[in-house]
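Since the structure comes first, as structure tokens, the remarks are kept for the end.
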Amino acid sequence: MTRAHVRFAPLLAVVLVALLAAPALAAGPTASTITSPSDPALIFRDQDGSGGTVVLSVDGTTTGVGNVDLRCYDAIGNSWVAAADVPVTANHFHADITNAHIGAQAPCVLRAVPVGDSVSQPPGTSSPYSGLRVLQAYRAWDRISGGPNDGKIFDLSYLDFGDGGALKIGSAGTCAVGMMGLLNPTTLVESPEMFGCIGRFSPTVRDAVSPGARSEIQVDGVNAYPPYSAILKAPDGYQTPGFVPVSVTDAYDPATGDLIVKEKERLLRCLPDDFTCSSFSPLGVELDRLITTSAQQRDVSETDTWRSVDGSQHALDALYDDETGEVSPNRTSFDFPGSSGFQTYDHGDQVTLPRGPGSILVKDDSTTPDAGDGVNPQGALTYASAPDGPLVFHFSDSGGTDIPEWTMPYARTIPAGGQMVLRFGVADALSLADVEGFAQATLAGFAPSLSIDFPANGAVVHKRSLVVSGKAVDAAGVALTVNGQATSVASNGAWLRQMNLTPGTNTVTAVATDPDGFMTQRQVSFTYVPAKVSVGAIKRLKNGVRIRLSCANDVCSGVGALTVRERMVGRKIKGLFAKRRKARVKKVRLAHKSFLLQPGQTTFLTLKLNATGRKLLARFKKLPLRVKVTQTVTGAGPVAVKNSKLTLKAPRKHRRKH
Numbered sequence: 006m007t008r009a010h011v012r013f014a015p016l017l018a019v020v021l022v023a024l025l026a027a028p029a030l031a032a033g034p035t036a037s038t039i040t041s042p043s044d045p046a047l048i049f050r051d052q053d054g055s056g057g058t059v060v061l062s063v064d065g066t067t068t069g070v071g072n073v074d075l076r077c078y079d080a081i082g083n084s085w086v087a088a089a090d091v092p093v094t095a096n097h098f099h100a101d102i103t104n105a106h107i108g109a110q111a112p113c114v115l116r117a118v119p120v121g122d123s124v125s126q127p128p129g130t131s132s133p134y135s136g137l138r139v140l141q142a143y144r145a146w147d148r149i150s151g152g153p154n155d156g157k158i159f160d161l162s163y164l165d166f167g168d169g170g171a172l173k174i175g176s177a178g179t180c181a182v183g184m185m186g187l188l189n190p191t192t193l194v195e196s197p198e199m200f201g202c203i204g205r206f207s208p209t210v211r212d213a214v215s216p217g218a219r220s221e222i223q224v225d226g227v228n229a230y231p232p233y234s235a236i237l238k239a240p241d242g243y244q245t246p247g248f249v250p251v252s253v254t255d256a257y258d259p260a261t262g263d264l265i266v267k268e269k270e271r272l273l274r275c276l277p278d279d280f281t282c283s284s285f286s287p288l289g290v291e292l293d294r295l296i297t298t299s300a301q302q303r304d305v306s307e308t309d310t311w312r313s314v315d316g317s318q319h320a321l322d323a324l325y326d327d328e329t330g331e332v333s334p335n336r337t338s339f340d341f342p343g344s345s346g347f348q349t350y351d352h353g354d355q356v357t358l359p360r361g362p363g364s365i366l367v368k369d370d371s372t373t374p375d376a377g378d379g380v381n382p383q384g385a386l387t388y389a390s391a392p393d394g395p396l397v398f399h400f401s402d403s404g405g406t407d408i409p410e411w412t413m414p415y416a417r418t419i420p421a422g423g424q425m426v427l428r429f430g431v432a433d434a435l436s437l438a439d440v441e442g443f444a445q446a447t448l449a450g451f452a453p454s455l456s457i458d459f460p461a462n463g464a465v466v467h468k469r470s471l472v473v474s475g476k477a478v479d480a481a482g483v484a485l486t487v488n489g490q491a492t493s494v495a496s497n498g499a500w501l502r503q504m505n506l507t508p509g510t511n512t513v514t515a516v517a518t519d520p521d522g523f524m525t526q527r528q529v530s531f532t533y534v535p536a537k538v539s540v541g542a543i544k545r546l547k548n549g550v551r552i553r554l555s556c557a558n559d560v561c562s563g564v565g566a567l568t569v570r571e572r573m574v575g576r577k578i579k580g581l582f583a584k585r586r587k588a589r590v591k592k593v594r595l596a597h598k599s600f601l602l603q604p605g606q607t608t609f610l611t612l613k614l615n616a617t618g619r620k621l622l623a624r625f626k627k628l629p630l631r632v633k634v635t636q637t638v639t640g641a642g643p644v645a646v647k648n649s650k651l652t653l654k655a656p657r658k659h660r661r662k663h
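Per the numbering used here, the sequence shown runs over residues 6 to 663.
What follows is the structure, encoded as structure tokens:
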């Protein structure tokens, strides 16, 4: 080997290494953008995952050369591949991503990155690979496996993320509305939980003072259990005969992420007693619970309809069990209606709330300023009807280990074959002003929905007797008055009220009131003009006219008249006219006759010329008449319904032939 060969050998090796390494350095695009779907992408994952169901159809563009991985990044730094080695053609890519690919880890940010790139790029970080937020709702219906109750639903589990909040929904026997907190829309970091459980009913009172004294629901003085609580109460709850499962339906709006959950839970008792509990028996009462979410899961409503399903009246004693979400470094504080501001509470403390609706304001951390600290949530629990006894704290965070928990007692009567409704709202936000806004909107939403559908405001009607109609709806039931008169409301909310009108302006005022005292008022004003006389053909007669008149829907009365205007020069008549002229004229009435028509009647009104008319016709051979029909409107005076011109000619005289 020559010296030159030796000299260039190392350089050749470097070049070979560089060439071999070149494909790895150009392994993927340098930037990417997901163009579809729009941000955020909202998906609903059902109880079995539906691994084969496409939930996201993803399209995007890239800069550079190479295929991409669609990788999802969560708020704590984890990432996973949702679609691997997606082909890129002409700088465009497409992939269908299923529930199984997203998994249960969402929320996350989906990015199109070079194949094999696992560099951490969590939500909120700057990246050339533009991200798409993926939020999801998850549903699982817990079913019993095996035995006499095989396949029956005993609990619910919904986890719902919105663009700003997150919560979990369970059955009435577990946590109802719970795990409710805020979600940073940029970083997807979750706040501490504001509420842990709202509206739960445990098999025994969760009481630090006197635990297990009773169940949290009693019907007619007997301990009662929703399905999940019943299972917890019985020694072998899953296999206990007489079990009645939870019935549930739901609806998810992929455009907003709003979730609606409807559950029916039959209340059960233990037989032969609470200690043995070898079988279940229904107590004739069912809890129908409706939970709806809105405002990106920061605002939740809960409507509980306690229904008699055996046709009997029942006494209900329900301890609504509520709690905040997490142990805070600083104690949780509450501002109750009627109190002097935010305060902390200890085990056994009681608070009597004023009658009527109200909102309990809560700071997860008592040191949080009203304007918020950007981390700790503030919340509100709003109720349409105050509890029937003192609110009792069973746990508090005074020891630094527990979370505040309290019960709100409702002792109500469920009418025979009827229902009784209790309504609540739960909201959280970073600022107290936002929380109070949610609470005020919830209170306003408790009021009945009321409309007056007919007649429209400002309408003109021609019927003396009119049926006013509308709709009044309220979950708790509604009482309606129309112009002060009690008016029945159909099961679908429709109502009718017949009214006798007076000519001119009439006003209808409807007021709907629900059992909790919420009231809605609607009012319309309209004008009643009695049915207009319809004027048909006008026929010339030898010495007058005949007019066809008809009337519909009401009694019509008025007059018909024939007039002419005489042009006067001095005291002499120099001409006749049907309308006013600048020259000196004199109006002369030549015929006048009243009429009265019943509803639906048609008649002929004959107007014969009087002596003056006959003389003028004989003299001038032509009469340019004004034909006028006037309807009499009570309270509004005469109303002209016909005003036209007509010329009446004298008949020709025939000469006698000789």
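Backbone N, C-alpha and C fix where the C-beta goes; we use that ideal spot for every residue, glycine too.
In this structure residue 612 is in contact with residue 567, their Cβ atoms being roughly 5 Å apart against a cut-off of 8 Å. Residue 524 and residue 517 have their alpha carbons spaced roughly 6 Å apart. Rounded to whole angstroms, the gap between the alpha carbons of residue 332 and residue 347 is 18 Å.
Across the set 493, 366, 197, the C-alpha of 366 shows the shortest separation from the C-alpha of residue 345. Contact between the region 593 to 607 and the region 552 to 565 is established, with three or more Cβ pairs separated by less than 8 Å. Taking C-beta atoms as the reference points, residue 384 and residue 431 count as a pair closer than 9 Å. Secondary structure of residue 441 (DSSP, three-state): helix.
Residue burial annotation: residue 511 is buried, with at least 16 other C-beta atoms found within 10 angstroms of its C-beta.
By a beta-carbon distance limit of 8 Å, residue 318 does not contact residue 165. Their separation comes to about 37 Å.
Runs of the alpha helix (DSSP H) lying entirely within the region 86 to 161, each at least 4 residues long, are 104 to 107 in chain order. Between residue 390 and residue 350, the gap from beta carbon to beta carbon reaches 9 Å or more. Around the CB of residue 544, fewer than 16 other CB atoms lie within 10 Å, so the residue is classed as exposed.
Per DSSP, the beta bridge partners of residue 417 are 321. Of the candidates 369, 358, 418, 358 places its Cα closest to the Cα of residue 397. One thing to note: residue 630 has its Cβ within 9 Å of the Cβ of residue 595. By the Cβ criterion, the region 255 to 263 is not in contact with the region 276 to 285, since fewer than three pairs of Cβ atoms, one from each stretch, lie closer than 8 Å. Put simply, the backbone Cα of residue 386 is about 17 Å away from that of residue 426. Residue 505 is classed as exposed because its beta carbon has fewer than 16 other beta carbons within 10 Å across all chains shown.
When the beta-carbon positions are compared, residue 424 and residue 313 come within less than 9 Å of each other. In the three-state reduction of the DSSP assignment, residue 236 falls in the helix class. With a cut-off of 8 Å on Cβ pairs, the region 168 to 178 is not in contact with the region 393 to 410, counting fewer than three such pairs. With distances taken between CA atoms, residue 62 lies nearest to 137 out of 137, 72, 33. A distance below 6 Å between beta-carbons, with the five flanking residues on each side excluded, links residue 86 to the following residues of its chain, in chain order: 74, 76. Under the three-state reduction of DSSP, residue 188 is assigned to strand. DSSP, reduced to helix, strand and coil, places residue 517 within a strand of the structure shown. Bounds of the beta strand (DSSP E) holding residue 612 are 607 to 613. Its chain contains 432, 443 as the residues whose beta carbon lies nearer than 6 Å to that of residue 304, once the 5 sequence neighbours on both sides are disregarded; these appear in chain order. Per DSSP, residue 624 is not a residue of any beta strand (DSSP E); the alpha helix (DSSP H) it occupies stretches across 616 to 625. No Cβ-Cβ contact shorter than 9 Å links residue 115 with residue 93. Note on geometry: alpha-carbon atoms of residue 70 and residue 96 lie some 8 Å from one another.
Taken in chain order, the complete beta strand (DSSP E) segments of 3 residues or longer contained in the region 341 to 381 are 363 to 368.
In this structure, residue 250 places its C-beta atom within 9 Å of the C-beta atom of residue 157. Partner residues in a beta bridge of residue 303, as assigned by DSSP, do not exist.
In terms of Cβ geometry, residue 310 and residue 295 form a close pair [threshold 9 Å]. DSSP lists 518 as the beta-bridge partner residues of residue 524. Around the beta carbon of residue 49, 16 or more other beta carbons sit within 10 angstroms, so the residue counts as buried.
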